[in-house]
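S.K.: Residue numbers (the working numbering), protein chains in the order written: chain A, 1 to 314; chain B, 315 to 687; chain C, 688 to 837; chain D, 838 to 1008.
One structure is given below, represented as structure tokens, and several questions about it will come after.
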Amino acid sequence: MLMMLIAGIAVLAFISASAMFLIWWERKVSAHIQSRFGPMRVGWHGVLQPIADAVKLLLKEDIRPAEADKLVWWLAPFFAVVPPVMAFAAIPFGKSLIPKDLNVGILYIMAISSVCVIGIFMAGWGSNNKYSLLGGMRSAAQIVSYEIPMILSMITVVMHANSLSMQKIVEAQSRHWNILHPNMLLAALVYTIAATAEVNRAPFDIPEAESELVAGFHTEYSGMKFAMFFIGEYTNLFIIAAISTTLFFGGWHGPFLPPVVWFLSKTYLCIFIWMWVRWTFPRARVDQLMAFAWKVLTPIAFVNLAITGWLLLK
Amino acid sequence: MNTSQTKDICTEEFLINMGPQHPSTHGVLSLELKLDGEMIRDCTAHIGYLHRSMEKLAENRTYTQFIPYTDRLDYVASMNNNMGYVMAVEKLLNLEISDRAKYIRVIAAELNRIASHLIAIGTFAQDLGAFATPLFYCFREREKIIDIFDQICGNRLTYNYMRIGGVQFDLPKGIDEKIKKFIKYMRSKVDDYDWLLTYNTIFLARSKHIGLLPKDLAINYSVSGPNLRASGVKWDLRKDEPYLVYEKLEFDIPVGENGDSWDRYKVRLEEIRQSLKIVEQALGALPEGDPTVKIGRIHKPSPSEIYLRTENPRGELGFFIISDGSAYPYRLKIRSPSFSNLAVLPELVKGLKIADIVCILGSLDILMGETDR
Amino acid sequence: MRTNEIFMAIKTDFPEVRQEEETGAVIIPKESLLKITRYLKNHRLAFDNLHCITAIDRTGRVELAYTLYSISEHHGITLKIYLTAGEENVASLAELWKSANWLEREVYDLFGVIFLNHPDLRRILNPYDWKGHPLRKSYSHPEVSIKPRL
Amino acid sequence: MAVTERIPASKLIQRIPGGGVFLTTSENIFKWGKASSLWPMTFGLACCAIEMIATGASRFDIDRFGAGVFRASPRQCDVMIIAGTICVKMNDCIQRLYAQMPEPKYVIAMGNCAISGGIFYYDTYSVTKGTDSLGIPVDVFIPGCPPRPENLLFGLMKLQEKIRNEKDADK
């Protein structure tokens, strides 16, 4: 029991540290992409900027709109933060560094991470504001339609490692990483696109579209509730990066350095790619996004599944 | 609220207010949208949130005192506004200005056209969701033009550089090397935009065939400037009614095919290249002489009325000035291009989605200071 | 096509038009506005673009100056109408040129000229509950400063 | 619509008798946090808005001071930079926006028009003469027409200074 407690506290400490680091890193990466400096004055190179943001958000007055749906409004931020934190239970950081090696690891993570769409939808409905309602509706449609290609691309990996548990998937890639197989490369591509939509980032950030819906589903949230959405988004980003490293880039496998360092460096490399994509691409429109999911990604994922099956049974 | 009833599914339209404070309404414009889900059924535009009563004010200012106010009309292309107003008053006084002043005016106006188009392209890309990166690239180039203007007339945005009968200062010493260096730098940057934005698949998917403005509808709404040329009408005042020294300079008019948002963006991008060519030729043919003004600042034109229009980056800016012999204009009407360009919006938007109205508004390149006067 | 040739072309079909001396604008009576503008639009003169409507508050009358241009024929003309002080109302050109819709609303907002059967004649620049028509010479907002005689 | 009466946030923090040392340092941390992460609202009215964007752009990067996150919804921003001429039609919109902002909020009046109506003070019927006449308390006035980006940055630093040495942290 004590071991579980220590593991839990360690994971929680890691999550908040990585969320803080990601917020700072995103602002610096986006600044340098736009040939400017980003936060500089708050601590050395703006390192204390996320802490300042957190302190300020703590002190903000918490406004609830008059006719808001009180319970739904109050619960929404928790639904946005708790699922990504729960998903950390099955992430393999190292050889034995895994909070709980579930034998249904990948299935558990997928199930949990699709719960946070309910949080966004509740935020959209609860804040009694037309813009956030539109944002909530869009997020529901988008995330549901991107679950299917994401799961299909995961199944191709599971077929290779013939086990759902994350540790076994990583061990299956001890000789060479999954990404080197051609059909795995295609699955990785489909996964990356679907994961971007899953987390409402970059070309698919229509639920909180800045230029159309003012601030999307969290228009009415201020202070700590808004910070919860902010942290939820970055923890979710870490989750999908961790899953992509475990599935395609050989988890914690690597020559000299200890496994944890390999795992974290690969994950943060994936996160950098997502940040890079976010600050360069325009946003897709709602119906183009849906058409792309159903007409392009899902067929490719099915074909890829068939090819993997044929390859394995050959 | 009509509710279309199909069997038992009942959808209801709801009213949404893209109010005066909205990230992508380019200033204080309020759009009232009647939405059926994401589909826009009807859109009415409410303007006047920046109505600063310029025309009432003009009746209490002498001709020279009104020049700084023209900077604040289309505050992104102040040089062109100054030039339009000052040429109208010169026509009223039928005053001849020195050749060097004409060339300096053309150089300043074309440089400001580039700066204005850069902002138009930057905000258009931002409205399509490429958050801030293209905008800050365009602002980085615009800062170079602003440095040139800073050196010429000492201000960043509201230049107040032109006077009735010439310009305020002569060009400073090393300015033509700086402009030549800028032209070379800008040419490579425009190719970058072509490579970065124009043929990007998401950018194309979002702006191609959105907001189709047919040729006759554009003329009927008296749309002008790049929006008209994007619909295939080859009409540019600098070529069709040449003023200053435009007939001596050789440049061509980019024209789009089917008048959608992408064409409007492409026409503006091409116009930057043409303006660079104009500035280069004008700089080469700059005559000697003294462009500054020697006559007094109080002008009392004989009672008459004139209407003069010039080619602004956003369209045709016209000044209808009626003088009654005193030092104050009796009536000064400003025909602003954004006013008519904006009138087209409700027509283009029916049946499209919210993301498209933001795209069309960005491509029409509206500026509220000029619309509301 | 100089303005006099255009004026001659109109004069032949509508004898009641006069030409203003120094500006060369064509003065037409208020009643025949719709007839003449429809004629100008569909005639080979092809005035397809109502560029702008200017209202001038002269003593005892309000002048409306319609600036018409033709993109295909590269020429333009200014029509003028004198509205005597009592009844400032004139037919709306909204169904001929769609740009007239907003231009007329602006003239109504700032001058108070009523445009008959205009699609939706409301104020456009001032708040909808604004009293008075600001650009009239008689409208003097308290803070309007008295111009020094120059 | 009268501006809703402001509830000072510090009333919620009771002073523990004798716990001075801990509280003063936390007081400083609160003030430092509020000062170094001022999220402005994208609220450009006229010419000063273009200078505000230029300040946010790459050359005069406002993000260096932690104020680069331009939030569109009034709920998530702390400072309202009124950049441009306030017209009569825009009055109650500005007051409503100010009322919607959560409590520790500050106002920067950028440009002469926001301070006193600027060059539109005389002979205009439709311009409100400055933000104060709207009943909105302004923290920093930045003169200029439009003020250069350096002025806006200096104004922001002045606001940060003001937040740092607020006496009883009533905001």
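Idealized CB from N, CA, C, for every residue including glycine.
Note that the coordinates shown come from a computational prediction; the quantities given were computed from them, not determined experimentally.
Using DSSP with H/G/I as helix, E/B as strand and the rest coil, what is M150 of chain A?
M.R.: Helix, per DSSP.
S.K.: Could you pull the start and end residues of the alpha helix (DSSP H) that A532 of chain B belongs to?
M.R.: 529–534 is the span of the alpha helix (DSSP H), which, as asked, contains A532 of chain B.
S.K.: Just to confirm, are I169 of chain A and S163 of chain A a CB contact at a threshold of 8 angstroms?
M.R.: Yes, the pair counts as a contact, with Cβ atoms nearer than the cut-off.
S.K.: Counting only the same chain and skipping the five closest in sequence on each side, list residues whose C-beta sits under 8 angstroms from that of M994 of chain D.
M.R.: So the qualifying residues of the chain are F902.
S.K.: Mind checking if P835 of chain C is an interface residue toward chain D, Cβ cutoff 8 angstroms exclusive?
M.R.: It does not; no Cβ of chain D falls within 8 angstroms.
S.K.: Under 8 angstroms between C-beta atoms, does N396 of chain B make it to chain D?
M.R.: Chain D contact via Cβ: absent.
S.K.: Could you spell out where the alpha helix (DSSP H) holding E424 of chain B opens and where it closes?
M.R.: 413–441 is the span of the alpha helix (DSSP H), which, as asked, contains E424 of chain B.
S.K.: Using 8 angstroms as the threshold, is the C-beta distance between L656 of chain B and A359 of chain B below it?
M.R.: Yes; because the gap between Cβ atoms is below 8 angstroms, this pair is in contact.
S.K.: Pull up the distance between the alpha-carbon of A772 of chain C and that of D960 of chain D, whole angstroms please.
M.R.: Rounded to the nearest angstrom, the two C-alpha atoms are 25 angstroms apart.
S.K.: How about G905 of chain D and K56 of chain A: do their beta carbons lie closer than 8 angstroms?
M.R.: Contact flag unset, no.
S.K.: Could you check how far apart the C-beta atoms of V88 of chain A and W252 of chain A are, in whole angstroms? I think they sit under 8 angstroms.
M.R.: For clarity, residue 88 of chain A is Phe in the given sequence; the question names Val instead. The Cβ separation is near 15 angstroms, so there is no contact.
S.K.: Residues in the same chain with beta-carbon distance under 8 angstroms from N396 of chain B, minus the five sequence neighbours each way, listed in chain order, please.
M.R.: For N396 of chain B, where only same-chain residues beyond five positions count, the Cβ hits under 8 angstroms are I381, T384, D385, Y473, N474, Y475, M476.
S.K.: What residues match up with R792 of chain C in a beta bridge as DSSP calls it?
M.R.: Its beta-bridge partners do not exist; DSSP assigns none.
S.K.: Can you list, in chain order, the residues of its chain whose CB lies under 6 angstroms from that of E67 of chain A, leaving out five sequence neighbours each side?
M.R.: Answer for E67 of chain A: N128, listed in chain order.
S.K.: So within the segment 891–939 of chain D, which uninterrupted alpha helix (DSSP H) runs reach at least 4 residues, ignoring any that extend past its ends?
M.R.: 928–937, all fully within the segment 891–939 of chain D.
S.K.: Which residues in the same chain as E494 of chain B place their Cβ atom closer than 8 angstroms to its Cβ, once the five residues preceding and following it in sequence are excluded?
M.R.: In the sequence on display, residue 494 of chain B carries Lys and not Glu. E594, L597.
S.K.: State the Cα-Cα distance for the pair E709 of chain C and G398 of chain B, rounded to the nearest angstrom.
M.R.: Near 22 angstroms, if we compare the C-alpha coordinates of G398 of chain B and E709 of chain C.
S.K.: Could you name the residues of the segment 420–441 of chain B whose beta carbon sits closer than 9 angstroms to any beta carbon of chain A, in the order they occur along the chain?
M.R.: Result list: A439, Q440, D441.
S.K.: When you compare only the Cα positions, how much space is there between R1001 of chain D and A872 of chain D?
M.R.: Approximately 6 angstroms, taken between the alpha carbons.
S.K.: At a Cβ cut of 9 angstroms, what residues of the segment 941–974 of chain D count as close to chain C, listed as they run along the chain?
M.R.: Residues Y958, Y959, D960, T961, Y962, S963, K966.
S.K.: Could you tell me whether the segment 366–377 of chain B touches the segment 458–466 of chain B, using the rule of 3 or more Cβ pairs below 8 angstroms?
M.R.: No contact exists between the segment 366–377 of chain B and the segment 458–466 of chain B.
S.K.: By the three-class DSSP mapping on this structure, what secondary structure does L213 of chain A have?
M.R.: L213 of chain A falls in the coil class under three-state DSSP.
S.K.: When the distance is taken between beta carbons, is A80 of chain A closer than 8 angstroms to R908 of chain D?
M.R.: The answer is no: Cβ separation not under 8 angstroms.
S.K.: What residues in its chain sit with their C-beta under 7 angstroms from that of R582 of chain B, if we drop five residues either side in the sequence?
M.R.: Same-chain partners within the cutoff: H431, A434, I435, P540.
S.K.: Run through the DSSP bridge pairs and tell me what G881 of chain D is partnered with.
M.R.: DSSP, once it has assigned bridges, lists D:A920 as partnering G881 of chain D.
S.K.: Please state whether DSSP places K664 of chain B in a helix, a strand or coil.
M.R.: If DSSP states are grouped into helix, strand and coil, K664 of chain B belongs with coil.
S.K.: Measuring straight from C-alpha to C-alpha, what distance separates L2 of chain A and A13 of chain A?
M.R.: Roughly 17 angstroms separates the two Cα atoms.
S.K.: Can you list, in chain order, the residues of its chain whose CB lies under 6 angstroms from that of K608 of chain B, leaving out five sequence neighbours each side?
M.R.: So the list is empty, once near-sequence residues are dropped.
S.K.: Indicate the three-state DSSP secondary structure (helix, strand or coil) for A306 of chain A in the structure shown.
M.R.: In this structure, A306 of chain A counts as helix in the three-state DSSP scheme.
S.K.: I'd like the span of the beta strand (DSSP E) that includes L631 of chain B, first residue to last.
M.R.: Residues 629–637.
S.K.: Could you please give me the residues that DSSP links to I330 of chain B through a beta bridge?
M.R.: Partner(s): B:L347.
S.K.: What does A886 of chain D reach in chain A if we use C-beta pairs closer than 7 angstroms?
M.R.: Ordered by position in chain A, no residue passes the 7 angstroms Cβ test against A886 of chain D, which lies about 16 angstroms from the chain.
S.K.: Who are the Cβ neighbours of L247 of chain A in its own chain at under 6 angstroms, not counting the five residues just before and after it?
M.R.: Contacts found: V157.
S.K.: With V713 of chain C and L766 of chain C assumed to form a contact (beta carbons below 8 angstroms), what rounded beta-carbon distance in angstroms separates them?
M.R.: About 5 angstroms separates the two Cβ atoms, so the contact holds.
S.K.: Please state the DSSP three-state secondary structure of I271 of chain A.
M.R.: Helix at I271 of chain A.
S.K.: So who's on the other strand from M353 of chain B, going by DSSP bridges?
M.R.: Partner(s): B:D350, B:K667.
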